[in-house]
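Numbers -8 to 422, taken from our numbering, label the letters of the sequence shown in order. Cβ coordinates follow ideal geometry from the N, Cα and C atoms, glycine included. Report on the structure given below.
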Amino acid sequence: MPNAVQVSQQTLKPHLEIEGGCRLKGEITVSGAKNSALVLMTASILTNEPVRIENVPELSDINVMANILLEIGVTVKRNSDALTLNAAGISQLNPPYELVNSLRASFFAIGPLLSRRGQAKIPLPGGCRIGARPVLEHIRGLKALGAVVSVEHGVVSASVPGISKRLKGASIVLDCPSVGATETILMAAVLAEGVTTISNAAQEPEVQDLARMLNEMGAQVVGAGGPTITIKGVKQLHGTNYSVIPDRIEAGTFLVAAAITRSKLRVSPVIPEHLSAVLQKLRDCGCQIQIDDEGVTLIPGEIVGVDITTQPFPGFPTDLQAPFMALLTTAKGTSVVTEKIFENRLQHVAELQRMGASIKVQGNIAFIEGVPSLSAAPVSGSDLRAAAAMLLASLAANGTSRVEGLSHLDRGYAHIEMKLNSVGSHILRHQ
Ligand code: UD1
């Protein structure tokens, strides 16, 4: 029987070859938050002065967003981890379908484009593997601010009527605390006439990060991070120099890497309040968590099963559901994982089962019976976090695994094998 990696490498898709069973040790560095950086890049459209964003991770999603901004006339320069964006010469108000479709977050440019130029045409981002992901709440919010919005032939066209081309402040109550809708409305409202309130707003740290940068650009936003955000519109915004918060999902993934390999590992920089629900579940699993000025150290214990339900922030994040499930497959006892945010986000279950995990699924609930060990296998991640889950499971498995789905993994984890190898893993990339 050939081992998982003894097949000729040339015939295989790009993959990671991961040796299971290595202990990790030392310190691992977290990059800037992908989901913050993406929305901060679109916020640069709101001013005709340069916006410099530091601590931007090197990810394929960031490159796609840069290309979309270039298409609409924003200049984008990268210098190490900093991006300088200048939207003084926006020429195009309708980015192409191919680019928007490959990166859902690019739809979020509709708010700033409308606010700055009075019109925008953006293709609907379409479905994605983890669920339908509608944008109705974004559209409802823009309409409440006075925009005329129509959806025809898969394109959302929005314009601001009247001579001033200025949106008007309004009270908006979101049906669900959508991160993207909150960000879209926030960016549209900062240059509107009058006051806007967003109730049932998303409270995610990335929303807070956006509000902080907008305020540094001269906006008047209060309440971000809570359920009600109030925005007093201003006439114009100016440039700024801003640093992105650390990526809480990447940090959480590394903490799970420590727990699944039963290793002591320090992860930094981390803002612990951004990971409260995850740190609590790691403690409930039997790990010790030490928090210092800049980072978090995980000291493993005997890992026991816990129940998890994904929720909007400050609840357990859906983006760490798959990585955490990988850990729970190796825990003592039973765990129940309930996915409440996206309807199709348990696709990693079948791949984990191929590595010997014992999991039963009913609807959006996974019942996991921990096994003493996972066994290496060729596996594939069908989306970004599913790919991370397969990498984590492979770190703990007996033998050498092959993990495919790198185009997904590279969307959200910068230099992941280099980072993990620097603390003791043995991962080889085959392109
Ligand atoms: C963002 C994150 C993503 C994360 C998600 C939830 C970015 C670029 N992506 O995605 O990594 O998994 O938050 O934390 O920041 N919904 C509606 N109607 C709408 C909009 C959303 O019903 O108009 C629903 C969605 O179907 C989903 C829930 O709201 O069930 C959450 O989605 P949302 O918060 O909008 O996620 P995104 O902003 O797309």
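Three-state class that DSSP yields for residue i in the structure shown
i       : result
Ala57   : helix
Ala172  : helix
Val47   : coil
Ile356  : strand
Met(-8) : Here the model assigns Met(-8) a pLDDT of 44, short of 50, so the residue's position is not dependable, and the following value carries that caveat. Reduced to three states, the DSSP call for Met(-8) is coil.
Ala348  : coil
Pro423  : No answer is possible for residue 423: the residues shown for the chain start at -8 and end at 422.
Glu285  : coil
Leu139  : The sequence shown places Val at residue 139, rather than the Leu named in the question. Here Val139 sits in strand by DSSP.
Ser22   : coil
Residue i: CB within 8 Å of a non-hydrogen atom of ligand 1
i      : result
Arg239 : no
Arg402 : no
Ser106 : no
Asn26  : yes
Arg203 : no
Gly216 : no
His129 : yes
Thr33  : no
Asp310 : yes
Ser93  : no
Leu228 : no
Gly171 : yes
Leu29  : yes
Pair within 9 Å by beta-carbon distance, residue i and residue j
i      : j      : result
Ala192 : Gly214 : yes
Gly260 : Thr20  : Contrary to the premise, residue 260 reads as Pro rather than Gly in this sequence. For Pro260 and Thr20, yes; Cβs fall inside 9 Å.
Glu128 : Asp166 : yes
Ala357 : Val394 : no
Gly145 : Pro103 : no
Pro305 : Ala341 : no
Gly396 : Ala367 : no
Ser148 : Gln110 : yes
Gly132 : Lys159 : no
Leu50  : Gly372 : no
Val181 : Ala135 : no
Residue i, enclosing beta strand (DSSP E) - first and last residue
i      : result
Thr391 : Thr391 to Glu395
Lys134 : From DSSP, Lys134 is part of no beta strand (DSSP E) but of the alpha helix (DSSP H) over Leu127 to Ala135.
Asn77  : Ala73 to Asn77
Ala215 : Segment: none, Ala215 is in no beta strand (DSSP E) and carries neither H nor E.
Residue i - containing alpha helix (DSSP H), residue span
i      : result
Leu15  : Neither: Leu15 is in no alpha helix (DSSP H) and is coded neither H nor E.
Ser93  : Tyr88 to Ser93
Ala405 : First-last for Ala405: undefined, no H or E at that position.
Ser106 : Ile101 to Arg108
Leu375 : Leu375 to Ala387
request  = Write down every uninterrupted run of the alpha helix (DSSP H) in the stretch 227 to 268 whose length is 4 residues or greater and which is fully enclosed by it, in chain order.
outcome  = Within the stretch 227 to 268, the complete alpha helix (DSSP H) segments of 4 residues or longer fall at 239 to 251, listed in chain order.
request  = Please list the segments of the beta strand (DSSP E) lying wholly inside the stretch 292 to 346, counting only runs of 3 or more residues, in order along the chain.
outcome  = Fully enclosed beta strand (DSSP E) runs of 3 or longer: 325 to 329.
task = Go through the stretch 155 to 202 residue by residue and report every complete run of the beta strand (DSSP E) that reaches 3 residues or more, in order.
result = Listed in chain order, the beta strand (DSSP E) runs fully inside the stretch 155 to 202 are 162 to 164 and 186 to 190, counting runs of at least 3 residues.
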